[in-house]
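In what follows, a single structure is set out as structure tokens and then discussed.
2 protein chains.
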Amino acid sequence: MDTENRTETLEAQVKAFFDSAPPLHNSHEITQKLNQFIQRNSSSSENGEARRIVCVTSGGTTAPLEQRCVRYVDNFSSGHRGATSTEYFLKAGYAVIFLYRRGSFQPFCRSLPEDPLLECFEPTNDLNIQVRKDYSKAVKSAIVDHHIAVAGGHLLKLPFSTIFEYLQMLQIIGTSTRCIGPRAMFYLAAAVSDYYVPWKDMVEHKIQSGSHLLDVKLVQVPKMLSVLRKDWAPLAFCVSFKVLMVFVRH
Amino acid sequence: MDTENRTETLEAQVKAFFDSAPPLHNSHEITQKLNQFIQRNSSSSENGEARRIVCVTSGGTTAPLEQRCVRYVDNFSSGHRGATSTEYFLKAGYAVIFLYRRGSFQPFCRSLPEDPLLECFEPTNDLNIQVRKDYSKAVKSAIVDHHIAVAGGHLLKLPFSTIFEYLQMLQIIGTSTRCIGPRAMFYLAAAVSDYYVPWKDMVEHKIQSGSHLLDVKLVQVPKMLSVLRKDWAPLAFCVSFKVLMVFVRH
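Chains as they are written, first to last, in the working numbering: chain A, 1 to 250; chain B, 1001 to 1250.
Here it is, written out as structure tokens:
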């Protein structure tokens, strides 16, 4: 296939994906938040330069198998890399748009257990509550550091679940940051679905479980990285990751 | 198909499922915890009778698509019904084995937001932390009531993720509670996968994303409810739920 044909195919795939996606119900609100965030972080800071703004994506996207979604294909990712990197970007003076999967790791919370409220706190004798001694430093710094970043206007958190939400939000972030050119960066640590079921091909309600076999046909998600670089935010710096497979024999 | 044939088919399906399942790595530890829990709750309580013991299942199970699991089919369920019912069973004097999906709703935590640590607490002026006023009652009662149930020996929490873990754990709980006969109850509120990929049919590593289409073939999970009632815990009382589909036109 020559380059021109490949471009046409990708364009057709991208169009098919977005045409098929259920529209974001809060795209207007997200755009507003982004514009405010970019504006706030574009005035000169202490060193006389405007802050760099990085969009960190984190956690896995889901590909629904039904429109009123009961079943979906999920991509496992704890979001550890994205959450950690966000902390380091903030320390390095960046403003961070944290585009994360609901329920995945949050910045400044990496050293906490799975269910921090029930595991890090205990009742006192007078039926009040206190932090368990082992966790007191981790809990305090999680709450304080997170609050400083959000209240200071340097951390904007935007949650997603499905591949449809994720790519539509990435598109909005891309086009919103275009105005700041090379001051924008994309650090794509999310585990993005490779395959999806186009919305119109999906059954509306739960797939009935009558037959012995279920055959699910999925279509490849178009490679959006090139669209981000070429169309949405052509001057931004992009970092992406390949899944690292560790081959260990047990 | 006559009844005998159907029974044979179910038995063959059940055998195929368990033969195909990766063995639980902590089955010994779970059995020990269960035996201690059953013993502790089988001595007479205040009213002269031993406590009833209910196993509440909660949240959705996953069906992995790869052995070193990156992708899996998930069943959406918040675990709200299971968590709520657990609270009511405890109030009614039952001991509860709470078999729950990691990350799903926990008993006594229903009225808290998605990320309670970051949303319910705030820093004080001296960089210490405190509960936000709006949440002070909910946070306190979550921690205190949960602690009382666990420390009092009336709530045993066992987490699962995959359909393989869930059904093996349900089998252990079933056979462990057999000795208490009709004093055991099963309240099956989990959203259990209808289909799975047999472990041996799975690719070992991540499915490669080369081709434009992905065709996933899944096999029906055998109906284990009848096995639970007939073989694992024949005298226990069982409650199960059908998924409730709400048909609303937008």
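All C-beta atoms in this analysis are idealised placements derived from N, C-alpha and C, irrespective of residue type, glycine included.
In chain B, which residues lie less than 8 Å from residue i when you measure between Cβ atoms?
i      : result
A:I143 : L1117, L1118, F1121, E1122, P1123, I1129
In this structure, does DSSP put residue i in helix, strand or coil?
i       : result
A:Q220  : strand
A:T124  : coil
A:G59   : coil
B:W1179 : The question names Trp, but residue 1179 of chain B in the sequence shown is Cys. Helix at B:C1179.
A:S20   : helix
B:W1232 : helix
A:S111  : coil
B:Q1184 : Contrary to the premise, residue 1184 of chain B reads as Ala rather than Gln in this sequence. Three-state result, B:A1184: strand.
B:S1240 : strand
B:Q1130 : strand
A:A142  : helix
B:F1037 : helix
B:Q1106 : coil
B:A1068 : The sequence as given places Arg at residue 1068 of chain B; Ala does not occur at that position. Note: B:R1068 maps to coil in three-state DSSP.
B:H1147 : helix
A:A190  : coil
A:F174  : In the sequence as presented, Phe is not what sits at residue 174 of chain A; that position holds Gly. Three-state DSSP puts A:G174 in a helix.
A:H251  : No answer is possible for residue 251 of chain A: it lies beyond the span of chain A, which begins at 1 and ends at 250.
A:S27   : helix
A:A92   : coil
B:S1136 : helix
B:L1010 : helix
A:S161  : coil
Shorter than 7 Å from the beta carbon of residue i to some beta carbon of chain A?
i       : result
B:H1025 : no
B:C1179 : no
B:Y1088 : no
B:H1212 : yes
B:H1154 : no
B:Q1299 : Examination of residue 1299 of chain B is not possible in this model, given that chain B is present from 1001 through 1250 alone.
B:H1146 : yes
B:H1250 : Note that B:H1250 scores a pLDDT of 36, beneath 50, so its modelled location is shaky and nothing firm can be said.
Taking 7 Å as the threshold (beta carbon to beta carbon), is residue i in contact with chain B?
i      : result
A:F17  : no
A:R81  : no
A:N41  : no
A:V216 : yes
Can you name the residues that DSSP bridges to residue i?
i       : result
A:L156  : A:I97
A:D215  : B:K1217
A:V73   : A:A63, B:V1073
B:Y1166 : B:Y1166 pairs with nothing; no bridge assigned.
B:Y1328 : In this structure chain B extends from 1001 to 1250, so residue 1328 of chain B is not present and cannot be described.
Can you pull the chain B neighbours of residue i, defined as C-beta to C-beta under 9 Å?
i      : result
A:K140 : P1123, L1127, N1128, I1129
Cβ of residue i less than 7 Å from any chain E Cβ?
i     : result
A:P23 : Of the protein chains in this structure, namely A and B, none is chain E.
> Which residues, in order along the region 85-114 of chain A, keep a beta-carbon less than 9 Å from a beta-carbon of chain B?
Replying inline: Per Cβ criterion, the list reads R102, G103, Q106, F108, C109, L112, E114.
> Just by C-beta distance, which residues in the region 180-205 of chain A are closer than 9 Å to chain B?
Replying inline: Listed by position, the residues of the region 180-205 of chain A near chain B (Cβ gap below 9 Å) are A191, S193, D194, Y195, H205.
>> Taking beta-carbon pairs under 8 Å, can you tell me which members of the region 53-75 of chain A lie near chain B?
In response: T62, L65, R68, C69, V70, R71, Y72, V73, D74, N75
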